[in-house]
Amino acid sequence: MKYNIEVLIPQKEIYRRVLEMGKTISDCYKSKKKILLVGILKGSFIFIADLCRSITIKHEIDFITISSYRNSTFSNKKNIRIVQDLEQNIFGKDIIIIEDIIDSGNTIKKLKHLLFKRKPNSISICCLLNKKETKDISIEANWIGFNIPNTFVVGYGMDYGQKYRNLPFIGKISHF
Ligand code: IMP
Ligand code: MG
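To get the working numbering, take the position in the sequence shown, counting from 1, and add 18.
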């Protein structure tokens with residue numbers, strides 16, 4: 019099958035916004051002492067690499083790999099499974115979850131719930147993209163890079179069938 023990829027958000031625009039988000043986060047967390055960025059793999063690896071360099075206050079970084087699967091064939095709700103856990107103990111820390119994209123909100127909601135059980139001081143969510151029209155559960159990210167329409171996107175870390183993560187822009191993919 020042939021795919022068509024159209025630029026939705028150009029590289030320069032991503033760069034500008036990520037810089038801005040880093041400044042905002044630095045400002046909000048300047049009084050905190052134990053800040054930990056938690057990147058969700060694989061999708062967030064490029065976003066977190068750029069974002070952490072625009073955060074001007076001291077922080078640590080860790081990663082978690084999760085996969086989502088359907089609860090049962092009769093349900094649309096998905097559950098998440100930790101494929102590779104964090105290395106760090108998050109007790110008492112101020113956690114910022116770094117996610118590439120929020121669609122239904124299910125993944126992020128489940129992960130937040132799971133991490134809360136480990137008693138961090140706080141958890142906030144920073145996502146690059148948010149598909150605003152598709153929310154079936156209420157989840158508000160603390161920081162959103164861009165609200166986008168309900169379309170499938172690739173690039174800047176995000177994949178379609180594990181490909182296109184290397185594109186420097188965010189593209190809308192369709193087949194013809
Ligand atoms: P949610 O649980 O429905 O919010 O889906 C979020 C997860 O699905 C993200 O972490 C992505 O891995 C994946 N995802 C959702 N939409 C897209 C997309 O347009 N492109 C690539 N991955 C996506
Ligand atoms: Mg993801």
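Quick reminder that beta carbons are idealized off the backbone N, C-alpha and C, glycines included.
When every heavy atom of ligand 1 is checked, does at least one fall within less than 7 Å of the C-beta of Thr42?
-> Translated into positions along the sequence shown, residue 42 becomes position 24. For ligand 1, not one heavy atom lies less than 7 Å from the Cβ of Thr42.
So does Thr125 have its beta carbon nearer than 7 Å to some heavy atom of ligand 1?
-> Position 107 of the sequence shown holds residue 125. Correct: Thr125 has its Cβ closer than 7 Å to ligand 1.
Please indicate yes or no: does the CB of Val65 lie closer than 7 Å to some heavy atom of ligand 1?
-> In the sequence shown, residue 65 corresponds to position 47, counting from 1. A quick correction: the sequence has Phe, not Val, at residue 65. Flag unset: Cβ of Phe65 not near ligand 1.
Boundaries (first-last residue) of the alpha helix (DSSP H) holding Gln102 = Here residue 102 refers to the residue found at position 84 when the sequence shown is read from its first residue. No alpha helix (DSSP H) contains Gln102, which is instead part of the beta strand (DSSP E) from Lys96 to Gln102.
Should Ser122 be listed as close to ligand 1, given that the test is whether its C-beta is under 7 Å from any heavy atom?
-> Within the sequence shown, the letter at position 104 stands for residue 122. Ser122 Cβ: within cutoff of ligand 1.
Backbone CA spacing between Glu117 and Cys144 [nearest angstrom] | Here residue 117 corresponds to residue number 99 of the sequence shown, with the count starting at 1. Here residue 144 corresponds to residue number 126 of the sequence shown, with the count starting at 1. Those two C-alpha atoms are separated by around 6 Å.
According to DSSP, what are the bridge partners of Asn22?
-> Taking the first residue of the sequence shown as 1, we reach residue 22 at position 4. Bridge partners of Asn22: Ser192.
Is the distance from the Cβ of Glu151 to the Cβ of Asn139 below 8 Å?
-> Locating residue 151 in the sequence shown gives position 133, where the first residue counts as 1. Locating residue 139 in the sequence shown gives position 121, where the first residue counts as 1. No, they are not a contact pair.
By DSSP, does Tyr33 sit in helix, in strand, or in coil?
-> Taking the first residue of the sequence shown as 1, we reach residue 33 at position 15. Helix.
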